[in-house]
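Participant: Quick note: to get the working numbering, add 449 to the position in the sequence shown (first position is 1). Glycine is no exception: its CB is placed at the ideal position from the N, C-alpha and C atoms. Only a predicted model underlies this, so the values are computations on that prediction, with no experimental measurement involved.
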Amino acid sequence: MSRAGDLYWRAVARSTPPVRRFYFDTEPLRHGNWPFKATWFGLGYFLRMASTMGAELYVPDPALHERAEQWVRETLAALSETSTKAKAARKALKPVGLEVTLQLPTEELLRAKYTGAEQAALKEDCLQRSPFPTRPLDEIFRMAVAREFTFEEKKDGVVGLQDCVILFSVLDHLKANPASAAFVSNDGIFAKIPALTAAGTDLRLIRGVTELEKILDDAVMPSFDVEFDQMWQYLTTRITALLNEHREEIQRFIERNITPAELEKVFADRVISSGPLAIERFGAIHPEMKGGADDPLLFSCDVTVSYTANVEERLERLITLASLMGSPSAAELSQFGSQVVSRERSAIVELSAQVNPDYTNLQLNAARIRA
């Protein structure tokens, strides 16, 4: 894992979840290609976040059943399309005596493979199941007739039975096992229900994976700030001690790498030669978070140094002449010579370096005068 990733997941483990329990509708499962993982950053990532925080994760049994049927139907449709194309290919190749062979999996095999993937994903994602509700049929029937709860009139008739059974699974399980909870779904019907909760339950709606991401991230940020500050203080303390241990080596490195042309940024006159420098102090340290936890740690540091150099002091003398004589002529300026003097100046050098994760084997990479 990367340094930044390791830091973030430590913060996740220290965070308090926004609710004690999450229930997931079919919609986020399908959106996240569950139980198959399409990308590393998706539903599976947020399930891991919530579980690491200590939240309980549930999927209603009716949602699991609905998701399985969705996948089987969609896969069978794709296979049927493939079979149709294979038939067309056979017809095209028949005149030249060639054949196309195609062996497609049976529906039974598809269901068996899906069940295996589902069981593995439930275990990997720490997902538990809430059972089918045991509500009397007449209660659901009356709701459908009255167009209440999840039921609504559509062009083709009354819809909402599947949503009704899924939500009742959540509410009944939550009533029997009270906890602060959230139902994750971007299905618009749930947002239309005036009150998701039943008597004795504490349930809020989270509008899909996108809103879930923000809610979880907001919960992690306070802990992440603490982890980051502690890490930053530790790194800078260790690196400062390391720099002081290698003070003479760093001084020689800077002397070798700063050219007279760069020194002119400091002295403003032409540098004839430079003498010894002295490190006054080590300033701001900037560790880089990129790379893995076992990779060398890259960092930069501001080093304040004192330079002694022999410079051609022509510019300062010309400025003095101009202030005394107003606007001197070119002839007057040409007669005004220069002199070589010794000057001492302080400068800030940006030092780039790296060190092993155990703070051994310091490697100095570059040094330049900060403009």
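1. Taking the C-alpha atoms as reference points, what is the distance between Leu782 and Gly740?
2. Using a 10 Å radius around the Cβ and a threshold of 16 neighbouring Cβ atoms, would you call Met498 buried or exposed?
3. Which of the three DSSP states is assigned to Tyr808 in this structure?
4. Could you please give the first and the last residue of the uninterrupted alpha helix (DSSP H) stretch that includes Gln577?
5. Which first and last residues belong to the alpha helix (DSSP H) in which Gly637 is found?
6. Between Ala668 and Ser500, is the Cβ-Cβ spacing less than 8 Å?
7. Rounded to whole angstroms, what's the CA-CA distance from His622 to Leu610? Just pull it up for me.
8. Assign Leu782 to one of three DSSP states: helix, strand, or coil.
9. State the Cα-Cα distance for the pair Leu620 and Glu523, rounded to the nearest angstrom.
10. Between Gln803, Leu528, Val754 and Glu515, which lies nearest to Ser795 when the distance is taken from Cα to Cα?
11. Comparing C-alpha positions only, which one of Glu557, Lys534, Lys562 and Ala566 sits nearest to Val549?
12. Is it the case that the Cβ atoms of Phe485 and Ala541 are separated by a distance below 8 Å?
13. In terms of residue numbering, what span does the alpha helix (DSSP H) encompassing Leu620 cover?
14. Please classify Ile707: does DSSP put it in a helix, a strand, or coil?
15. Would you call the CB atoms of Ser532 and Leu553 closer than 8 Å?
16. Can you grab the Cα-Cα spacing for the pair Tyr457 / Glu660, in whole Å?
17. Helix, strand or coil, according to DSSP, for Phe882 in the structure here?
18. Note down, in chain order, each residue of its chain lying with its Cβ closer than 6 Å to the Cβ of Leu692, except the 5 sequence neighbours on either side.
19. Output the distance between the C-alpha atoms of Glu476 and Arg470, rounded to the nearest integer angstrom.
20. If I follow the unbroken alpha helix (DSSP H) through Lys663, where does it start and stop?
21. Would you call the segment 681 to 701 in contact with the segment 736 to 750, where contact means no fewer than 3 C-beta pairs closer than 8 Å?
22. Does any CB atom of chain C fall closer than 8 Å to the CB of Ala690?
23. Look up Thr827 in the DSSP assignment and say whether it is helix, strand or coil.
24. Suppose the cutoff is 8 Å on Cβ atoms and the five residues either side in sequence are ignored; what does the same chain contact list for Val675 look like?
25. Which first and last residues belong to the alpha helix (DSSP H) in which Ser532 is found?
Facilitator: In short:
1. Because the pLDDT at Leu782 is just 48, under 50, the model does not fix this residue reliably, and the value given afterwards should be weighed accordingly. Distance between the alpha carbons of Leu782 and Gly740 is about 57 Å.
2. buried
3. coil
4. Here Gln577 belongs to no alpha helix (DSSP H); instead the beta strand (DSSP E) covers Leu576 to Ser579.
5. Counting along the chain, the alpha helix (DSSP H) containing Gly637 begins and ends at Gly637 to Lys641.
6. no
7. 18 Å
8. The predicted model places Leu782 with a pLDDT of 48, which falls under 50 and marks its position as unreliable, so this point remains unresolved.
9. 30 Å
10. If we check each option's Cα against that of Ser795, Val754 comes out closest.
11. Lys534
12. no
13. In this chain, the alpha helix (DSSP H) harbouring Leu620 covers Leu610 to Ala625.
14. coil
15. yes
16. Roughly 19 Å separates the two Cα atoms.
17. Residue coverage of the chain in this structure runs from 450 to 820, which leaves residue 882 outside it and unanswerable.
18. Phe731
19. One C-alpha to the other measures close to 18 Å.
20. Gly657 to Glu694
21. yes
22. Chain labels in this structure do not include chain C; a single protein chain is all it has.
23. The requested residue 827 does not occur in the structure, where the chain is confined to residues 450 to 820.
24. Ala460 and Arg463
25. Asp510 to Leu542
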